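*Asks:* Under my numbering, the residue at position 236 of the sequence shown is numbered 237, and the numbers go up by one with no gaps.
The C-beta atom is built at its ideal place from N, Cα and C for all residues, glycine as well.
All figures in this text were calculated on a predicted structure; none of them were measured in a lab.
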Amino acid sequence: MHNYCLAVCEDDRVVRDEICRVCEETLKEMKIAYEISVFSNAEELEKTLREGRHLFDLLILDIELDRKTGMELARELRAGEDWVSILFVTGHEEYALEGYEVQPIQFLMKPLNWEKLREALRTDWKRNHRPKTVLLQKGYRNLRLRLSSVVYVETDGNHGVRIFQEDGEERFPMGLSELERLFSDHRFLRCHNSYLVNLEHVREIGREGFLMDQGNRLPISRKYYRACQEAFVSYINQ
């Protein structure tokens, strides 16, 4: 599996070490294979990128660096059509408005809120780097399932699930909770004790449930309704 590769570019050694520590703890908790490379200035990172010695999934950039700033490096990357995820850290709020032209995933203000850093890592991984397929076992076969093709999942009443895809359905001998963990992607949402829905295939939400692209409806139980509303709105607006 591809490692999640981070570059931490921060000239304050204490802050840099703490960023690395929190990233390591978070990714270990998520059971994600990772690599973290550290840089004390933008020139070192730029040289590594230019020479192609390392491909990064996420750059954690201090904006206020000596000589070349993190913002200048980000602008150069975007000008070269490099759309690597960028997370800025800064001690000055005025940089936040200026920096949105390079489309960072997040701005974090110093002193850093470590929980916000953890959440930024989780979000970037789930939205941009999580594997797009899962491998499921069925008897002696291992079947690769493309997540975007899954419309919804329903329990079959016999300790298994039925996975409805755009081009048919498959039954698997596993529980819905187990499958929900495997599908831990921002698109998938539990809407009922018996249903898991892919928001990518939802047309609208109402009191009667989710209206799917194919015209059928999935029920939303009362205890899940508010969470489903919020998740659907958040997904549409992302």
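1. Relative to the alpha-carbon of GLU52, which residue among LEU183, GLU44 and LYS139 has its alpha-carbon at the smallest distance?
2. In three-state DSSP terms, what is ALA8?
3. Give me the residue from ARG142, THR49, GLU167 and HIS193 with the minimum Cα distance to THR156.
4. At what residues does the alpha helix (DSSP H) containing ARG145 begin and finish?
5. Output the residue ranges of the alpha helix (DSSP H) runs that lie fully inside the stretch 52–105 and measure 4 residues or longer, sorted by chain position.
6. If you draw a straight line from the alpha carbon of ASN217 to that of ASN159, how long is it in whole angstroms?
7. Give me whichever residues DSSP pairs with HIS193 in a beta bridge.
8. Using a 10 Å radius around the Cβ and a threshold of 16 neighbouring Cβ atoms, would you call HIS71 buried or exposed?
9. For GLU30, which residues in the same chain have their Cβ closer than 7 angstroms to its Cβ, ignoring the five residues on either side in sequence?
10. I believe LEU60 touches CYS10 by the beta-carbon criterion, under 8 angstroms. Please report the beta-carbon distance rounded to the nearest angstrom.
11. Hey, how far is the Cα of GLU120 from the Cα of ASN42?
12. In or out: ASN4 buried (at least 16 other Cβ within 10 Å) or exposed?
13. Between the alpha carbons of LEU122 and LEU88, how many angstroms are there, rounded?
14. Do you know how far the Cα of ILE221 is from the Cα of LYS111?
15. What is the rounded straight-line gap between the Cα of TYR96 and the Cα of VAL234?
16. Within its chain, find whatever has a CB closer than 8 angstroms to the CB of LEU136; leave out the 5 residues flanking it on each side and keep chain order.
17. Does the beta-carbon of VAL203, which I'm using as the reference point, lie nearer than 6 angstroms to any heavy atom of the ligand COA?
18. Report buried or exposed for THR27, applying the criterion of at least 16 other Cβ atoms within 10 angstroms of its Cβ.
19. Give me the residue from GLU209, SER195, ASP214 and TYR196 with the minimum Cα distance to HIS202.
20. Grab me the residues of TYR236's own chain with a C-beta within less than 6 angstroms of its C-beta, minus the 5 sequence neighbours each way, in chain order.
21. Going by C-alpha distance, which of GLU209, VAL198 and LEU219 is nearest ALA232?
22. CYS229 to LYS69, Cα distance in whole Å?
23. Which residues does DSSP pair with GLN166 in a beta bridge?
*Replies:* Reading off the structure:
1. Ranked by how close their Cα comes to the Cα of GLU52, the residues LEU183, GLU44 and LYS139 have GLU44 in first place.
2. strand
3. HIS193
4. From DSSP, ARG145 is part of no alpha helix (DSSP H) but of the beta strand (DSSP E) over 142–147.
5. 71–80 and 95–100
6. 23 angstroms
7. TYR196
8. This sequence places Gly at residue 71; His is not what is there. Buried, since its Cβ has 16 or more Cβ neighbours within 10 Å.
9. none
10. 7 angstroms
11. 25 angstroms
12. exposed
13. 9 angstroms
14. 41 angstroms
15. Near 29 angstroms, if we compare the C-alpha coordinates of VAL234 and TYR96.
16. ASN143, LEU144, ARG145 and LEU146
17. The ligand COA is absent from the structure shown, which contains no ligand whatsoever.
18. buried
19. ASP214
20. LEU200
21. Just measuring C-alpha positions, the residue of GLU209, VAL198 and LEU219 sitting nearest ALA232 is VAL198.
22. 45 angstroms
23. VAL151 and GLY169
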